[in-house]
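**Q** There's a structure below that I have some questions on.
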Amino acid sequence: MITRHQLFTLFKYSVYAAVILNIYLFFVEEWTASLLQYPDGVPAGSLVEAYAATIDTAAWVILILMFETETSILSDEHFTRPVVWSLHALRIFSYGFIVYAFYGYIVNVQVVSQVDIAAGITNLCDVVSGNWSYAVILDQYEPITSESCAAFSDASRFYQYSGMQVLVDQAGFTDILRLAWVDVINGGVWLLVVLNLEIDVRLQEHGKLDGIVLKISNVSKFFIYAVLFLAAVYWGFKGDFLDFWDAFLWLLAFVSIEMNVFNWRTESLHEREI
Numbered sequence: 109m110i111t112r113h114q115l116f117t118l119f120k121y122s123v124y125a126a127v128i129l130n131i132y133l134f135f136v137e138e139w140t141a142s143l144l145q146y147p148d149g150v151p152a153g154s155l156v157e158a159y160a161a162t163i164d165t166a167a168w169v170i171l172i173l174m175f176e177t178e179t180s181i182l183s184d185e186h187f188t189r190p191v192v193w194s195l196h197a198l199r200i201f202s203y204g205f206i207v208y209a210f211y212g213y214i215v216n217v218q219v220v221s222q223v224d225i226a227a228g229i230t231n232l233c234d235v236v237s238g239n240w241s242y243a244v245i246l247d248q249y250e251p252i253t254s255e256s257c258a259a260f261s262d263a264s265r266f267y268q269y270s271g272m273q274v275l276v277d278q279a280g281f282t283d284i285l286r287l288a289w290v291d292v293i294n295g296g297v298w299l300l301v302v303l304n305l306e307i308d309v310r311l312q313e314h315g316k317l318d319g320i321v322l323k324i325s326n327v328s329k330f331f332i333y334a335v336l337f338l339a340a341v342y343w344g345f346k347g348d349f350l351d352f353w354d355a356f357l358w359l360l361a362f363v364s365i366e367m368n369v370f371n372w373r374t375e376s377l378h379e380r381e382i
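The sequence shown maps to residues 109 to 382 in the working numbering.
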């Protein structure tokens, strides 16, 4: 018979496997977008802007596996100095790329904000032979063809992204800009999540995750995770499925880590009572 612990373990490792797969899915999406954003190839200095989601997701995967190792896999007696320093080094490495990717989201807001009125273009079907694309959503561009032109937009005024053969109407531009800002907000709030979790783990290591400190931590997490949940819902309505799915998976992943910390604390309290 499968125990509750085995079911939980199967669940969380399934979630971890899914977020690892998302690294590849984000890379495919951003690589396709980069062909239009950087027709001459992505410069080394622009990699973070072009592949912000891929870099961000990969760094978060390393980080979540480090938290899983520290809060569930290793027993207290395994926390030798070399092990602790190794875990800290990997986390610092991950945080560096996470902050770097967060910067990439900020830069991306500037990139998607740079549009000019497409003079002389009042109907998408008039440009089907001009190798133009339409910005369907953030980082997703579709070729404008005779079959698709009428379906993209019936507006009479369009914007062209700076340096790109890409058009978008006013409503689409507004949605894309808002989605870019949601990326920034979401990235910033996730930094608060790991800061909160780091404090919890350090306090638990020293047996101090209790009383008013625990209450403050739980209250702050309620508001933090509420913002992340709202961001996921927004992506569900306005973004693409991958953004929504990724946000949903990361919520599950960190809830799993929170459960690890809860179980760790419960075991420690039980050992004190014995």
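Virtual Cβ for every residue (Gly too), placed ideally from N, Cα, C.
Under the three-state reduction of DSSP, which class applies to Leu275: helix, strand or coil?
**A** In the sequence shown, residue 275 corresponds to position 167, counting from 1. Leu275 falls in the strand class under three-state DSSP.
**Q** Are Asp230 and Ser256 close, meaning C-beta to C-beta below 7 Å?
**A** On the sequence shown, position 122 is the one that residue 230 refers to. On the sequence shown, position 148 is the one that residue 256 refers to. Here the sequence assigns Thr to residue 230, which means Asp is not the residue at that position. In this structure, Ser256 does not lie closer than 7 Å to Thr230 by Cβ.
**Q** Just to confirm my understanding: we take Val235, look at its own chain, exclude 5 residues before and 5 after, and list those with CB closer than 7 Å. What are they?
**A** The count along the sequence shown starts at 1 and reaches residue 235 at position 127. Closer than 7 Å at Cβ, skipping near neighbours: Ile229 and Ile252.
**Q** Name the DSSP beta bridge partners of Ser241, please?
**A** As a position in the sequence shown, residue 241 is number 133, starting the count at 1. Pro251 and Val274.
**Q** Do you know offhand how far Val215's Cα is from Ala227's?
**A** Within the sequence shown, the letter at position 107 stands for residue 215. Within the sequence shown, the letter at position 119 stands for residue 227. Answer to the nearest angstrom: the Cα atoms are 26 Å apart.
**Q** According to DSSP, is Gln268 helix, strand or coil?
**A** Stepping through the sequence shown from its first residue, residue 268 is reached at position 160. Correct three-state label for Gln268: strand.
**Q** Between the alpha carbons of Trp298 and Ala355, how many angstroms are there, rounded?
**A** Looking up residue 298 in the sequence shown gives position 190. Looking up residue 355 in the sequence shown gives position 247. Cα to Cα, the separation comes out at about 11 Å.
**Q** Taking the alpha-carbon of Ile293 as reference, which of Val207, Leu155, Ser241 and Val169 has the nearest alpha-carbon?
**A** Reading the sequence shown from its first residue, position 185 is the one you call residue 293. If we check each option's Cα against that of Ile293, Val207 comes out closest.
**Q** Which same chain residues end up closer than 6 Å to Tyr242 when comparing Cβ atoms and leaving out the 5 residues on each side of it in sequence?
**A** Position 134 of the sequence shown, counting from 1, holds the residue named residue 242. Glu250, Ile252, Phe260 and Leu275.
**Q** Whole angstroms are fine: how far does the CA of Val223 sit from the CA of Glu440?
**A** Nothing in the structure corresponds to residue 440, since the chain is present only between 109 and 382.
**Q** Nearest-angstrom Cα distance between Gly344 and Leu287?
**A** For the purposes of this step, residue 344 is taken as the residue at position 236 of the sequence shown. For the purposes of this step, residue 287 is taken as the residue at position 179 of the sequence shown. Answer to the nearest angstrom: the Cα atoms are 11 Å apart.
**Q** With a threshold of 7 Å on Cβ separation, who are the neighbours of Phe362 within its own chain once the five nearest residues in sequence on each side are excluded?
**A** Taking the first residue of the sequence shown as position 1, residue 362 is located at position 254. The answer, listed in chain order, is Val301.
**Q** Given a threshold of 16 other Cβ atoms within 10 Å of its Cβ, counted over all protein chains shown, does Asn368 qualify as buried or as exposed?
**A** Position 260 of the sequence shown, counted from the first residue, corresponds to residue 368. It is buried - the Cβ of Asn368 has at least 16 other Cβ atoms within 10 Å.
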